[in-house]
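A.B. asks: Residue numbers (the numbering used here): 27 to 193.
Structure incoming, see below.
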Amino acid sequence: MDQTSIRRFYGSWPRFNVALSEAVGGLSTAQLALKPGPDGWPLWATVGHLACQRVFWLCDFAGAPGADTTPFTNAAYDCPGDDDLENVLSAERLVAALDSTYRIVERCLDTWSASALEETIARPDFGPDWVMRRGEVLQRVYNHDVWHAGQVSQTLAANGLPRLEVW
Numbered sequence: 027m028d029q030t031s032i033r034r035f036y037g038s039w040p041r042f043n044v045a046l047s048e049a050v051g052g053l054s055t056a057q058l059a060l061k062p063g064p065d066g067w068p069l070w071a072t073v074g075h076l077a078c079q080r081v082f083w084l085c086d087f088a089g090a091p092g093a094d095t096t097p098f099t100n101a102a103y104d105c106p107g108d109d110d111l112e113n114v115l116s117a118e119r120l121v122a123a124l125d126s127t128y129r130i131v132e133r134c135l136d137t138w139s140a141s142a143l144e145e146t147i148a149r150p151d152f153g154p155d156w157v158m159r160r161g162e163v164l165q166r167v168y169n170h171d172v173w174h175a176g177q178v179s180q181t182l183a184a185n186g187l188p189r190l191e192v193w
């Protein structure tokens with residue numbers, strides 16, 4: 027059984043999260059309302075969705091602790107963007123959400139081993155197709171973060187604002 031820590035394989039994730047938090051923390055209410063296009067979500071919903079989905083996948087699906095330490099205690103049914111476009115989140119609340127949900131990510135990076143990534147997680151209560159390896163869940167969360175942070179960065183740049191600095 028390989029008990030190798032997986033944190034080193036996600037070495038850029040902490041820097042990435044800090045860059046997103048810093049960018050969002052400096053935005054005004056009007057800037058948080060910017061959309062990437064007419065059918066896109068406002069930035070506040072995109073960032074809230076990103077943070078909420080960390081809770082859904084890592085806690086609700088994979089069983090990691092910590093959902094109760096975030097604003098998203100009902101992540102399966104009540105996430106910004108997906109389920110809620112009416113309760114606008116401020117920059118302060120978004121930064122708090124990013125910070126609290128990233129603590130869950132960090133706990134996973136510190137406690138899940140390389141062999142744990144091969145474990146299969148099945149959630150028949152979600153449906154018959156809800157089966158994946160723990161490593162797939164973690165990679166999904168990472169890719170999801172990168173995808174939506176890219177949307178945020180592109181939307182900021184398209185509106186003359188500084189893009190995310192992740193390098």
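All C-beta atoms, glycine included, are put in the ideal place defined by N, C-alpha and C.
#1: Kindly indicate which three-state DSSP category V167 falls into: helix, strand or coil?
#2: Would you list the one or two residues that DSSP bridges to V157?
#3: Excluding five sequence neighbours on each side, which residues of the same chain lie with their C-beta closer than 8 Å to the C-beta of V167?
#4: Taking the beta carbon of W67 as the centre, do at least 16 other beta carbons fall within 10 Å, making it buried, or is it exposed?
#5: For A90, which residues from the same chain have a beta carbon less than 8 Å from its beta carbon, with the 5 sequence-adjacent residues on both sides left out?
#6: Mind pulling the beta strand (DSSP E) runs of 3 or more residues that sit fully within the stretch 80–150?
#7: Only counting the same chain, and skipping five residues up and downstream in sequence, which positions put a Cβ closer than 7 Å to that of L183?
#8: Does S31 come out as helix, strand or coil in the three-state DSSP assignment?
#9: If you run the structure through DSSP and keep just helix, strand and coil, what is N185?
#10: What's the C-alpha gap between Y103 and V114?
#11: List the whole-angstrom C-beta distance separating T55 from Q177, where the pair is believed to meet the contact cut-off of C-beta under 8 Å.
#12: Exposed or buried, T127, counting other C-beta atoms within 10 Å across all chains shown (16 or more means buried)?
C.D. replies: So, to answer that:
#1: Here V167 sits in helix by DSSP.
#2: A148
#3: Q79, R80, W83, L84 and V131
#4: buried
#5: L84, I130, R133 and C134
#6: 146–148
#7: The sequence given here places Ala at residue 183; Leu does not occur at that position. Cβ neighbours of A183 beyond the five flanking positions: R189.
#8: strand
#9: coil
#10: 17 Å
#11: Rounded, the Cβ-Cβ distance is 19 Å, inconsistent with contact.
#12: buried
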